[in-house]
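Visitor: Residue numbers (this note's numbering), protein chains in the order written: chain F, 295 to 512; chain Y, 27 to 215.
Every residue gets a Cβ at the ideal spot worked out from N, C-alpha and C, and that includes glycine.
Below is a structure I'd like to ask you about.
This is the structure we're talking about:
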């Protein structure tokens, strides 16, 4: 098993999936998009309660509780760094791990949209479709739908991807209003482990303002 | 570790003239032929899979998004089903969901089409990346996994509630010439 990439903390048996980023609020969204820089993270020492660790960063269209659709960068303990997409209609999970290697230091546009043509959710990296649902979000999801932008790990002891010098940058944040892509979504911060993980608005690394932020392990 | 006899029979293949032959797409274990120079092989690692051989009847999954069709007689794999299963064991899916490696898998050789993996054309249509592509398909059903769920609403909180487990399947496609993975899916099939 590959060694952790730099985590210095022990696994915390009580923890579950944890997040660092921004939750969209208020807007009735039909899509979410962000350009995210792929950065390495690290795994805690020991065994997390839920099995294998991973770390990821993604953009997501959030539906009702336990329902979402997302695409992003994923790094599993087997060392694979891949693009992934996942959707859930609150009961069924569809996941697709692509075999396009995601390159650390490269930024990718990860986006999800509710597509009325297919009556489904479609998840992309750049111009590549990674996954579509065989169910309709209009049938399966109650409103509202909001855009979310997060880094995610399994355990409190895991390292969120990015360092202070090389943050995971979320740039070009957009949401779809049903007619067109819009910038500057309304956001609330959410950091499950602020003692170890950073979350700040950024300007230095942003290609397009005004909304851009970074996450990392302190 | 040895295999129970029943399971051992289910992973038996027959090698004849360097080409692996097996039962065809019925869901039944391959037949064992006793004639000629056939060599009975089994998986030395005791892995948990059933070699279904070549697909004979087109199968669909995910409401037709995934289709597995019968290959032509000229389309022969260069690797064995056992090698394809090894690729599955090394997949991201197997790493992410270790229970997949403990479940019984089925391995079949067919022509794979994936209708939701491809490149977006300017007109909005999708150019599929996998369409009638020869592949070993490794399928596992009925595995319980835990998915984390979305981030929390409201102020920053610490998660202490474990999400409910769900039952999923996986479908992994392996290049029949090289053994490399060409597709990975987890979820409802």
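1. Kindly indicate if chain F contains any beta-carbon less than 8 Å away from that of residue 185 (chain Y).
2. What in chain Y is Cβ-close to residue 370 (chain F), meaning under 8 Å?
3. When you compare only the Cα positions, how much space is there between residue 495 (chain F) and residue 203 (chain Y)?
4. Anything in chain Y within Cβ reach of residue 391 (chain F), meaning under 7 Å, just list it in chain order.
5. Hey, how far is the Cα of residue 199 (chain Y) from the Cα of residue 403 (chain F)?
6. Comparing alpha-carbon positions, which option in F:338, F:318 and F:334 lies nearest residue 509 (chain F)?
7. I need the DSSP call for residue 191 (chain Y), collapsed to helix, strand or coil.
8. Is it the case that the Cβ atoms of residue 390 (chain F) and residue 425 (chain F) are separated by a distance below 8 Å?
9. Using a C-beta cutoff of 8 Å, does residue 386 (chain F) count as contacting chain Y?
10. Please report whether the beta-carbon of residue 404 (chain F) lies at a distance below 8 Å from any beta-carbon of chain Y.
11. What residues of chain A sit near residue 422 (chain F), judged by a beta carbon separation below 9 Å?
12. From this set, Y:147, Y:167, Y:129 and Y:138, which residue's C-alpha is nearest residue 207 (chain Y)'s C-alpha?
13. What three-state label does DSSP hand residue 109 (chain Y) in the structure shown?
14. Hey, residue 166 (chain Y) and residue 131 (chain Y): beta-carbon distance below 8 Å or not?
15. Are the C-beta of residue 322 (chain F) and some C-beta of chain Y separated by less than 8 Å?
16. Is the segment 310-322 of chain F touching the segment 439-454 of chain F, taking contact as three or more C-beta pairs under 8 Å?
17. At which residues does the alpha helix (DSSP H) containing residue 122 (chain Y) begin and terminate?
18. Should the segment 472-488 of chain F be regarded as contacting the segment 365-381 of chain F, the criterion being three or more beta carbon pairs within less than 8 Å?
19. Any beta carbon from chain Y within less than 8 Å of residue 281 (chain F)'s own beta carbon?
20. Can you list, in chain order, the residues of its chain whose CB lies under 6 Å from that of residue 486 (chain F), leaving out five sequence neighbours each side?
Guide: Reading off the structure:
1. Within the second chain, numbered from 1, the residue matching residue 185 (chain Y) stands at position 159. Only weak support is given to the placement of residue 185 (chain Y): the predicted model assigns it a pLDDT of 42, under 50, and the value that follows is read from those uncertain coordinates. Output row for residue 185 (chain Y): interface = yes.
2. Within the first chain, the letter at position 76 stands for residue 370 (chain F). Contact annotation for residue 370 (chain F) against chain Y: 118, 121 and 122 [CB-CB distance below 8 Å, chain order].
3. Position 201 of the first chain, counted from the start, is the residue given in the question as residue 495 (chain F). Position 177 of the second chain, counted from the start, is the residue given in the question as residue 203 (chain Y). When rounded, the distance between both Cα atoms is 48 Å.
4. Residue 391 (chain F) sits at position 97 when you count from the first residue of the first chain. Result: 118, 119 and 210.
5. For the purposes of this step, residue 199 (chain Y) is taken as residue 173 along the second chain, with counting starting at 1. For the purposes of this step, residue 403 (chain F) is taken as residue 109 along the first chain, with counting starting at 1. Answer to the nearest angstrom: the Cα atoms are 26 Å apart.
6. As a first step, residue 509 (chain F) must be located in the first chain, where it is residue number 215. The residue with the shortest Cα to Cα distance from residue 509 (chain F) is F:334.
7. On the second chain, position 165 is the one that residue 191 (chain Y) refers to. Residue 191 (chain Y) falls in the strand class under three-state DSSP.
8. Position 96 of the first chain, counting from 1, holds the residue named residue 390 (chain F). Position 131 of the first chain, counting from 1, holds the residue named residue 425 (chain F). Between residue 390 (chain F) and residue 425 (chain F), the gap from beta carbon to beta carbon is short of 8 Å.
9. On the first chain, residue 386 (chain F) is found 92 positions in, with the first residue counted as 1. Chain Y contact via Cβ: present.
10. Mapped onto the first chain, residue 404 (chain F) falls at position 110. Among the residues facing chain Y, residue 404 (chain F) is not included, as its CB has no counterpart in that chain under 8 Å away.
11. Among the protein chains of the structure shown, namely F and Y, there is no chain A.
12. Position 181 of the second chain, counted from the start, is the residue given in the question as residue 207 (chain Y). Per the Cα distances, Y:138.
13. As a first step, residue 109 (chain Y) is located in the second chain; it is residue number 83 there, counting from the start. In the displayed model, residue 109 (chain Y) falls within a helix according to three-state DSSP.
14. As a first step, residue 166 (chain Y) is located in the second chain; it is residue number 140 there, counting from the start. As a first step, residue 131 (chain Y) is located in the second chain; it is residue number 105 there, counting from the start. Yes, these two residues count as a Cβ contact at 8 Å.
15. Taking the first chain and counting its residues from 1, the one referred to as residue 322 (chain F) is at position 28. False, the Cβ-Cβ gap to chain Y never drops below 8 Å.
16. Counting Cβ pairs under 8 Å, three or more are found: they touch.
17. For the purposes of this step, residue 122 (chain Y) is taken as the residue at position 96 of the second chain. Note, residue 122 (chain Y): alpha helix (DSSP H), 118-122.
18. With fewer than three CB-CB distances shorter than 8 Å, the segment 472-488 of chain F does not count as touching the segment 365-381 of chain F.
19. This structure leaves residue 281 (chain F) out entirely; chain F is present only between 295 and 512.
20. Residue numbering aside, residue 486 (chain F) sits at position 192 when the first chain is read from its first letter. Same-chain partners within the cutoff: 312 and 313.
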